[in-house]
Structure formats: C-alpha cells, structure tokens
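**Student:** Below you'll find the structure I mean.
Chains as they are written, first to last, in this note's numbering: chain A, 1 to 351; chain B, 1 to 264.
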C-alpha cells in the first residue's frame, strides 16, 4: 500500500472531503435564508427569525407586540420574497445542471429549448392585453411550455429527437417567440405598457405574493425532486446515447422526463419573477467544483447553491441602493465575475 | 444451450440506407468471434444492430434465445456489455465513477451504488491491471487508459456477452497485448466476446472464429485458418495477396500458430 501511494498521483478529489463537501451547499442556503429574513429596511439580528420560529411553534414565549411586529415583518413582508428566491434560484440552477448533462455541454442553460423566450413573450402578451396579474403569469407559463413543445416537436419530426436536432429546434422556437415578443413590444402603448413589459423582463422577486408562492411551490418542488432523482441516469446520458442505452438506461424516457420537469419549473420561475439570467449557467459550475460531476450529488447541490445565490443577489438588489434594482441585472453583474473565477478552475473538465 | 447472440438473415443500416444484408452468425458462450472488414463495411452498424441500438431492416437478432426487441434496456445490459471506442468525455468523472456506471442496470432505480458495487468496480479495474487509475479523472488520462476503463465498465455489468468495437485501436503495443490476453481470460470464464479489429494478427491471436464483413455482406465466417487467408484478406481489403502475406508475419508460420482452443 505504501509503495502504491508513492506512485499514485494525489487524487483530485478525495472521497472523504467530497462526502463532507456536499453539506456546504445546504448550509449556505440555510445561512442565506436567515440573512435574507434578517436584513432589510428594518434590520433584525440573525437569531430573531429563529426565535420567532420557535415562538410560533410554541417553544419559547415572546411579548405579543414583538410577535406581531415580527409576524408582519418576517411572514408577511419578507417570507414570500425569500420563498420566491429559494424556489426560483433552485429551479433555474437544477434545470441548468440537468441540461448540461443531458446536452453534454457545460455551456448550456435552462433557456436552451426556448422556455424563457416563450415565457417572456407570453408575459408581454398578458401585459398587452391589460390582463389581471394572474393572466400575465398564466400566459407566461403556458407559452413557455408551448415554446419547448414546438422545439421538441421539430426535433422529433425532422431528426428523430437527437441532441443536435433538439438544440436546433430550441433555437428555432426561441427565435419564433423572441420575434413574437418584439412584435408585442411594438404594439404596446409606449407610455404605459412598454415600460411595464421592459421592467417585467428585467426580473423581480417583489411581485410574488404568498398566494402565488403557495400554488407554484408544489409543482416546483416536485420538478426539482424529479430532476434530482434523474441524477445517475443523467451521468450515463452524459457519456452518449448509445453508451447510456448499452448501460441499461432508457434514454428517451429519461430525456423527455428531464426536459418536461426542467421546462415546467423554468416556466414557473418566469411567471413568478420574470427573466433572471445567468444563474442557471453559473451555479452548476460552482456546484461541480464543490461536489464533482456526479449528478446524483450535483443536482441537489446546485439546487441549494442556486437558492443561496439568488437570496444573496436579492439582498444586494434590495439593499445596495435606496431604490430596488431589478434582480436580473444583479444576477448578470454578479454572474460574470463568478463565472470568470470558476472558469479558471473548471477548465480541466472541458478538454 | 442457445447462442449468446444470434443474427438470422439480418439486414442492417439506417432508414433509407441499407449497409448490409443476409448476415447470419451466432456466438456461443466462451467463444471469441473477431470481425474483420474495411472502413465503411458496416462493422459498427452491425454492432449497433446486435446491441438493439438500431432496429434491423430485416431479419432478427436473438440474445440468449430471446428476440432483442423483447428485452428491456436494463435486462439487456445485465447480459450484454458494450465497449465503445474510447472518447474523451466531457465532465470530469473519476475512473471509478465511470466503471460504476456499468452497475447502473444492477442498482435499484434511484439508489446509490453499494459497497458491493464498489468492490466489483475495483475488481474489474484490478483485473485489467489499472486499479491505480481508480481516483484519476477520466478526461485527463490517456486514450489507452480510457479504453481500459471502458472495458472495466463493461465487465462491471457482469455480462454473458461482450461486444467490443476495436478494443485495441488506441492502445500502445503493451496495452494491446494486455487487452488481448484479457480477452483470452474472459473466454475461459465462459463469456462470449464479439470484437472488431483492424489488425488481422490480433484476430488470429485471440479468435476462435473470424467473420469477414465486406461492404453489404458477410464474406466469410469460420475457423481462423480457413477464413483469414492471405487471399481472402486481400480480396476483403482490396490489396495484393503477396503484400498481405508480407505484412503479416503470422502467415509465415500460420499452421503452427493457432489459438490453443478453438471450437469445432
């Protein structure tokens, strides 16, 4: 054993450290949640949300006035936003990680098959029709699904659903819905509707009410869980379709399930928070540095890290300036330097 | 006992493009069948059809007596291992991760590999003499090391039949000999091996039978001495028979050089 150790190069990721490293992402997400519940225009010490939670559960006593104040601050004002950040961040990141394995390309993001373009066009159409907020959300969701349906349909009609045809189908359907978005913008009232569309496309977590979150949370959690369960099958798929089939993986079923789950949760993120770029591309890379490329670990880690990343970005968006910045701007500005840092270390996997 | 894999009057190819037809062959347990054929003769297409990755255009493939179409992918993977030509891969998996993928069809859906699976992966790497690669990153090792890793992955499936697409193509001289020796050991364990190669001397070294695949049809199938003659190889590859004999030292002492065990 001793002589083997001397000839063996140092393992890049020792199993023991990987085993503990997967804890980092959930702990970060937990810390970011507490921080997000504490910071704001009325700052709280970070243990106050914990104390409030214990009081709500009946474990500690709290003055009724203080409890009412904290209830208003934490549950009514901050919680919807924090839940939105967690679910949107986790959804985009886990979809991005799953797509990178599925399409065997580390530069792929959840918008690859046109879901974000479709959802944007749908939301803009909802605003143009002067609909209730619910109409905007529903139309964003439905057109996000429609865009991916068209892309995948093209791939299956013309190319047997191969990877390259899926990408081309996604490009075509993305282009279709992007031009639709431009048309809607052109038709919109330039003094009221156009600014609403533009602001909406920049993304915001502030629009989400607790009711929105209540109906969106269940399908999003289900989609995230579904993708996390695909981990080992996606490992095999990242080696190539034929190899994955020969290893006993039902490739077509895994691919369609993954696309369906990722599309569902990505479309929901747009209905909740508008367009939030970069997170689905950057976070999987950070997660891969942390826990390695095995998707069984990578996907849950990406989900937790994505939640932490978006909570952090939202904290910046709310607290950096007197007025709130659109979150999409912050994730892009934050994503670029983070991606550059990651690039320096990640190159080994891209040869 | 039925053949490990059997092709009956098989036509292979893609929709609208027939690559070969009238192919009938079978491989028994513990037999090594080598496939020789020029570039573009359809060796990989034949393999893909036998592996159920391409539907046959006509005819039938049976694995252990059952039509391939009736097998689920997981059940098929528990019986048939596939060693593709090594590629670089994209994500930095460790060699152990890659070999553990060979256990996919034997692990419960959504479950993690057990200690037993890890032991099998380690055994398969050790059997090929590359256990030192276990913690290395697959995208960073040499082409030959990748090929050995992929063979270990197929062995981890514990298959009855191994289909190997040019397993010696990217290997150095020493690793070629190691892999050919290992194929001999697989035969002694009762595993059926169907492999393609561009080097007739490799086929002569390990094969119990040799199949010659000319574009569109099977040009020969039988014992190495009868099938892989200089004349047949010359016709197959479109070169001169004397040149074949001159570039293959095996032919000068061919009558003595026979696999120690060859069926019928």
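Note that beta-carbon positions come from the ideal geometry of N, C-alpha and C, so glycine has one too.
1. Determine the extent of the beta strand (DSSP E) in which residue 21 of chain B is found, giving its start and end residues.
2. Looking at C-alpha atoms only, which residue of A:100, A:280, A:300 and A:315 is the closest neighbour of residue 336 of chain A?
3. Would you mind reading off the limits of the beta strand (DSSP E) that contains residue 196 of chain B?
4. Find the nearest neighbour of residue 70 of chain A within the set A:87, A:48 and A:91, judged by alpha-carbon distance.
5. Would DSSP call residue 14 of chain B helix, strand or coil?
6. Under the assumption that residue 77 of chain B contacts residue 248 of chain A (Cβ atoms under 8 Å), give the Cβ distance between them as a whole number of angstroms.
7. Measure from the C-beta of residue 141 of chain B to each C-beta in chain A and report whether the shortest distance is under 7 Å.
8. Need the endpoints of the alpha helix (DSSP H) that residue 81 of chain A sits in, please.
9. Can you tell me which residues form a DSSP beta bridge with residue 35 of chain B?
10. Residue 55 of chain B CB to nearest chain A CB: under 7 Å?
11. From residue 82 of chain B to residue 251 of chain A, what distance separates their C-alpha atoms?
12. Determine, using beta carbons only, whether residue 246 of chain A comes closer than 7 Å to chain B.
13. Measure the alpha-carbon distance for residue 235 of chain B versus residue 211 of chain B and round it to whole angstroms.
14. If you follow the beta strand (DSSP E) that residue 58 of chain B is part of, which residue opens it and which one closes it?
15. At 9 Å on the CB atoms, spell out the chain B contacts of residue 229 of chain A, in chain order.
16. Could you name the residues of chain A that residue 97 of chain B contacts, counting a contact when the two beta carbons are closer than 9 Å?
17. Just mark residue 132 of chain A as buried or exposed, buried being the case when its beta carbon has 16 or more other beta carbons within 10 Å.
18. Determine the closest residue to residue 25 of chain A out of A:338, A:302, A:266 and A:177, with distance taken between C-alpha atoms.
19. Against residue 255 of chain A, what residues of chain B qualify as contacts under a CB-to-CB distance less than 9 Å, listed in chain order?
20. Does the beta-carbon distance from residue 120 of chain A to residue 275 of chain A come in below 7 Å?
21. Compare the C-beta of residue 192 of chain B with all C-beta atoms of chain A and state if any pair is closer than 7 Å.
22. Can you tell me the Cα-Cα spacing of residue 74 of chain A and residue 197 of chain A, whole angstroms?
23. Given a cut-off of 7 Å on the beta-carbon distance, is the pair residue 287 of chain A and residue 231 of chain A in contact?
24. Which residues in the same chain as residue 342 of chain A place their Cβ atom closer than 8 Å to its Cβ, once the five residues preceding and following it in sequence are excluded?
25. For residue 126 of chain A, which of A:56, A:202, A:153 and A:193 has the nearest alpha-carbon?
26. Smallest Cα separation from residue 196 of chain B: which of B:48, B:142 and B:135?
27. Specify, as a first and last residue, the run of the alpha helix (DSSP H) that residue 125 of chain A falls within.
28. Residue 325 of chain A to residue 205 of chain A, Cα distance in whole Å?
29. Our contact map puts residue 116 of chain A next to residue 184 of chain A with C-beta atoms below 8 Å; I'd like the distance itself, whole angstroms only.
30. By the DSSP assignment, the alpha helix (DSSP H) with residue 67 of chain A in it spans what residues?
31. Cβ atoms of residue 68 of chain B and residue 52 of chain B: under 7 Å apart, would you say?
32. Quick check on residue 191 of chain A: buried or exposed, where buried means 16 or more other Cβ atoms within 10 Å of its Cβ?
33. Check for me: the alpha helix (DSSP H) holding residue 29 of chain A runs from which residue to which?
34. Indicate the three-state DSSP secondary structure (helix, strand or coil) for residue 109 of chain B in the structure shown.
35. Report the residue from B:113, B:242 and B:21 whose alpha carbon sits nearest the alpha carbon of residue 215 of chain B.
36. Considering only residues of the same chain and omitting the five flanking positions on each side of residue 232 of chain B, which have a CB-CB separation below 8 Å?
**Tutor:** So, from the listed chains and residues:
1. Taking the first residue of the second chain as 1, we reach residue 21 of chain B at position 21. Counting along the chain, residue 21 of chain B sits inside the beta strand (DSSP E) bounded by residues 17-27.
2. Residue 336 of chain A sits at position 336 when you count from the first residue of the first chain. Taking only the C-alpha atoms, the option nearest residue 336 of chain A is A:280.
3. Indexing the second chain from 1 puts residue 196 of chain B at position 196. Residues 192-196.
4. As a first step, residue 70 of chain A must be located in the first chain, where it is residue number 70. Here the closest residue by C-alpha is A:48.
5. For the purposes of this step, residue 14 of chain B is taken as residue 14 along the second chain, with counting starting at 1. In the structure shown, the three-state DSSP call for residue 14 of chain B is strand.
6. The sequence position of residue 77 of chain B within the second chain is 77, counting from 1. The sequence position of residue 248 of chain A within the first chain is 248, counting from 1. About 3 Å separates the beta carbons of residue 77 of chain B and residue 248 of chain A, which is inside the 8 Å limit, making them a contact pair.
7. By one-based count along the second chain, residue 141 of chain B stands at place 141. No, because no Cβ of chain A sits closer than 7 Å to the Cβ of residue 141 of chain B.
8. For the purposes of this step, residue 81 of chain A is taken as residue 81 along the first chain, with counting starting at 1. Its alpha helix (DSSP H) spans residues 79-102.
9. Here residue 35 of chain B is taken as the residue at index 35 of the second chain, counted from 1. Residue 35 of chain B pairs with B:196 and B:211.
10. Reading the second chain from its first residue, position 55 is the one you call residue 55 of chain B. For residue 55 of chain B, no Cβ of chain A is located within less than 7 Å of the residue's own Cβ.
11. Taking the second chain and counting its residues from 1, the one referred to as residue 82 of chain B is at position 82. Taking the first chain and counting its residues from 1, the one referred to as residue 251 of chain A is at position 251. Approximately 16 Å between the Cα atoms of the pair.
12. The residue labelled residue 246 of chain A in the question sits at position 246 within the first chain. Answer yes: the Cβ-Cβ gap between residue 246 of chain A and chain B drops below 7 Å somewhere.
13. In the second chain, counting from the first residue as 1, residue 235 of chain B sits at position 235. In the second chain, counting from the first residue as 1, residue 211 of chain B sits at position 211. Taking the straight line from one Cα to the other gives about 14 Å.
14. Reading the second chain from its first residue, position 58 is the one you call residue 58 of chain B. Residue 58 of chain B -> beta strand (DSSP E) spans 58-63.
15. Indexing the first chain from 1 puts residue 229 of chain A at position 229. Going along chain B in sequence order, the residues near residue 229 of chain A (Cβ under 9 Å) are 109 and 110.
16. What you label residue 97 of chain B is simply residue 97 of the second chain in a count that begins at 1. Within chain A, the residues near residue 97 of chain B are 235, 292, 293 and 294.
17. On the first chain, residue 132 of chain A is found 132 positions in, with the first residue counted as 1. By the 10 Å Cβ count, residue 132 of chain A comes out exposed.
18. As a first step, residue 25 of chain A must be located in the first chain, where it is residue number 25. Checked all of A:338, A:302, A:266 and A:177; the closest Cα to residue 25 of chain A is A:302.
19. Locating residue 255 of chain A in the first chain gives position 255, where the first residue counts as 1. At a beta-carbon threshold of 9 Å, none of the residues of chain B lie near residue 255 of chain A; the nearest stands roughly 13 Å away.
20. As a position in the first chain, residue 120 of chain A is number 120, starting the count at 1. As a position in the first chain, residue 275 of chain A is number 275, starting the count at 1. Yes, these two residues count as a Cβ contact at 7 Å.
21. Taking the second chain and counting its residues from 1, the one referred to as residue 192 of chain B is at position 192. So no, residue 192 of chain B is outside the interface.
22. Here residue 74 of chain A refers to the residue found at position 74 of the first chain. Here residue 197 of chain A refers to the residue found at position 197 of the first chain. When rounded, the distance between both Cα atoms is 30 Å.
23. Residue mapping note: residue 287 of chain A aligns to position 287 of the first chain, counting from 1. Residue mapping note: residue 231 of chain A aligns to position 231 of the first chain, counting from 1. At least 7 Å separates the beta-carbon of residue 287 of chain A from that of residue 231 of chain A.
24. Start at 1 with the first residue of the first chain, and residue 342 of chain A comes out as number 342. Correct list, in chain order: 282, 285, 286 and 289.
25. The residue you call residue 126 of chain A lines up with position 126 of the first chain. Comparing alpha carbon positions, the residue from A:56, A:202, A:153 and A:193 closest to residue 126 of chain A is A:193.
26. Here residue 196 of chain B is taken as the residue at index 196 of the second chain, counted from 1. Of the candidates B:48, B:142 and B:135, the one whose C-alpha sits nearest the C-alpha of residue 196 of chain B is B:48.
27. On the first chain, position 125 is the one that residue 125 of chain A refers to. For residue 125 of chain A, the uninterrupted alpha helix (DSSP H) segment begins and ends at 115-128.
28. Within the first chain, the letter at position 325 stands for residue 325 of chain A. Within the first chain, the letter at position 205 stands for residue 205 of chain A. Cα to Cα, residue 325 of chain A sits roughly 11 Å from residue 205 of chain A.
29. Position 116 of the first chain, counting from 1, holds the residue named residue 116 of chain A. Position 184 of the first chain, counting from 1, holds the residue named residue 184 of chain A. Contact check for residue 116 of chain A and residue 184 of chain A: beta-carbon distance about 15 Å, past the 8 Å limit, so the pair fails to qualify.
30. Start at 1 with the first residue of the first chain, and residue 67 of chain A comes out as number 67. 64-70 is the extent of the alpha helix (DSSP H) around residue 67 of chain A.
31. Mapped onto the second chain, residue 52 of chain B falls at position 52. Mapped onto the second chain, residue 68 of chain B falls at position 68. Cβ distance < 7 Å, so residue 52 of chain B and residue 68 of chain B count as in contact.
32. Stepping through the first chain from its first residue, residue 191 of chain A is reached at position 191. So residue 191 of chain A counts as exposed.
33. Indexing the first chain from 1 puts residue 29 of chain A at position 29. Here the alpha helix (DSSP H) through residue 29 of chain A covers 24-38.
34. Mapped onto the second chain, residue 109 of chain B falls at position 109. DSSP places residue 109 of chain B in coil when its eight states are reduced to three.
35. As a working mapping, residue 215 of chain B is identified with position 215 in the second chain. When each option's Cα is compared against that of residue 215 of chain B, the closest is B:21.
36. Within the second chain, residue 232 of chain B is the residue found at index 232, counting from 1. Around residue 232 of chain B: 212, 219 and 220.
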